[in-house]
Amino acid sequence: MSTTTLFQDSNGSSTDSSFYRSDSIGSLADSGALSGSTSDLAGYPSDVIPIAMAINEYAHAWFQGTDLSKLKVRALGSVMISFPASSVAALIDPSSGVEPLKFSLTKASKVHALIPNKQILSAEAVSQFGSLESHQFTFDQVGLANHLKKEHEAKPSAPFYNFE
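The sequence shown begins at 1 in UniProt numbering and counts up one residue at a time.
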């Protein structure tokens with residue numbers, strides 16, 4: 001289904017969402033292998049750090065009386081990024097040679113605002129054909145290392161360390 005009918009009045013007219021479900025599925029581009037394993041990194045190529053990402057989407061609708069033309073719909077979301085404990089040593093060691101980690105949010109033309117965690121992420125909007133096509137994010141290695149050190153010290157036996 002390409003559009004979801006949000007509301008229908010007694011006359012049969014409806015207000016459709018302009019944000020298609022297919023626009024959010026698969027919008028995070030991956031550029032490497034991802035794993036749910038907490039095993040040692042020895043089995044991974046030296047340039048691969050396994051991480052997990054969870055995307056939560058929320059839709060809010062505001063009504064002003066019974067007039068559907070005054071309906072306001074807003075979609076919100078958050079991304080949680082999870083690093084396995086086995087990757088912490090490589091990520092906090094400046095001599096490990098790990099390149100800055102990057103990911104992209106594609107099909108982003110309908111995204112109006114992004115607020116990255118500026119302590120560990122920098123964002124760059126990428127336009128194509130005059131419209132916003134994607135957002136590229138790069139982890140600040142020092143900020144990420146500090147965050148992971150703090151999390152590891154607080155919970156040394158945790159299998160994963162998360163942040164939003």
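Heads up, the beta-carbon is just placed ideally off N, CA and C, and yes, glycines get one too.
Quantities reported herein were computed from a predicted structural model and do not represent experimental measurements.
Whether Val98 touches His152 by CB criterion (8 angstroms): The sequence position of residue 98 within the sequence shown is 98, counting from 1. The sequence position of residue 152 within the sequence shown is 152, counting from 1. Not a contact, by the Cβ cut-off of 8 angstroms.
Can you give the beta carbon distance from Phe83 to Ile120, rounded, assuming they're within the 8 angstroms contact cut? For the purposes of this step, residue 83 is identified with residue 83 of the sequence shown, where counting begins at 1. For the purposes of this step, residue 120 is identified with residue 120 of the sequence shown, where counting begins at 1. Not confirmed; about 11 angstroms, so no contact.
On the criterion of 16 or more Cβ atoms from any shown chain inside 10 Å, does Leu91 qualify as buried, or is it exposed? Position 91 of the sequence shown holds residue 91. Counting Cβ neighbours within 10 Å, Leu91 comes out buried, since at least 16 surround it.
Can you tell which of Gln64, Asn117 and Val79 has its C-alpha closest to the C-alpha of Tyr58? The sequence position of residue 58 within the sequence shown is 58, counting from 1. Relative to Tyr58, the option among Gln64, Asn117 and Val79 whose CA is nearest is Val79.
Whose CA, out of Ile49, Leu76 and Ala54, lies closest to the CA of Ala61? One-based indexing of the sequence shown puts residue 61 at position 61. It is Leu76.
If we call anything under 8 angstroms between Cβ atoms a contact, is His135 one with Ala154? Stepping through the sequence shown from its first residue, residue 135 is reached at position 135. Stepping through the sequence shown from its first residue, residue 154 is reached at position 154. No; because the gap between Cβ atoms is not below 8 angstroms, this pair is not in contact.
Let's see if you can read the secondary structure: which residues bound the beta strand (DSSP E) around Leu105? Start at 1 with the first residue of the sequence shown, and residue 105 comes out as number 105. Residues Lys102 to Thr106.
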